[in-house]
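K.L.:
Numbering (full-length UniProt numbering), first residue to last: 1 to 135.
(1) Of all the beta strand (DSSP E) runs that stay within the bounds of the segment 46 to 99, which reach a length of 3 or more residues?
(2) Which residue's Cα is closest to the Cα of residue 115: 10, 87, 56, 75?
(3) How many angstroms separate the CA atom of residue 179 from the CA atom of residue 14?
(4) Can you tell me the Cα-Cα spacing of residue 37 and residue 44, whole angstroms?
(5) Taking 8 Å as the threshold, find out whether the segment 110 to 129 comes into contact with the segment 86 to 97 through three or more Cβ pairs.
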């Protein structure tokens with residue numbers, strides 16, 4: 001079983017976004033800071049979640065069909081959209097994320113408050129600050 005935490009950070013004035021991905025497996029953590037192409041926080045949350053699952057697919061390799069993922073997000077829209085397989089204004093993002101989850105045997109999605117997602121939150125903010133400095 002793998003545990004995945006994701007979070008996005010967006011600077012509304014510049015439209016810059018970045019994400020944090022935290023993967024835990026067998027007491028080992030993988031921390032990733034990623035630049036995002038999304039320019040709004042909602043789309044950034046979908047994008048970083050998809051990237052997290054794509055990274056997990058590479059990490060797990062041939063065992064995806066027998067692997068369970070516990071996915072934690074502090075984005076209510078991502079959590080609700082995955083439950084419903086629908087989001088009025090974000091359906092393409094939902095479809096991309098569902099496709100990224102499809103190789104896994106089971107994905108359990110859980111919304112968590114921001115304070116319970118601090119690892120991914122910190123990574124996202126660090127990545128955003130780096131992106132702002134590089135601009």
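Where is the CB? At the ideal position from N, CA and C, for every residue including glycine.
P.N.:
The short version:
(1) Within the segment 46 to 99, the complete beta strand (DSSP E) runs of at least 3 residues are 68 to 73.
(2) Here residue 115 corresponds to residue number 115 of the chain shown, with the count starting at 1. Of the listed residues, the one whose Cα sits closest to residue 115 is 75.
(3) The chain is shown only over 1 to 135; residue 179 falls outside these bounds and no answer can be derived.
(4) Taking the chain shown and counting its residues from 1, the one referred to as residue 37 is at position 37. Taking the chain shown and counting its residues from 1, the one referred to as residue 44 is at position 44. Their backbone Cα atoms lie some 8 Å apart in a straight line.
(5) Too few Cβ pairs lie closer than 8 Å, so no.
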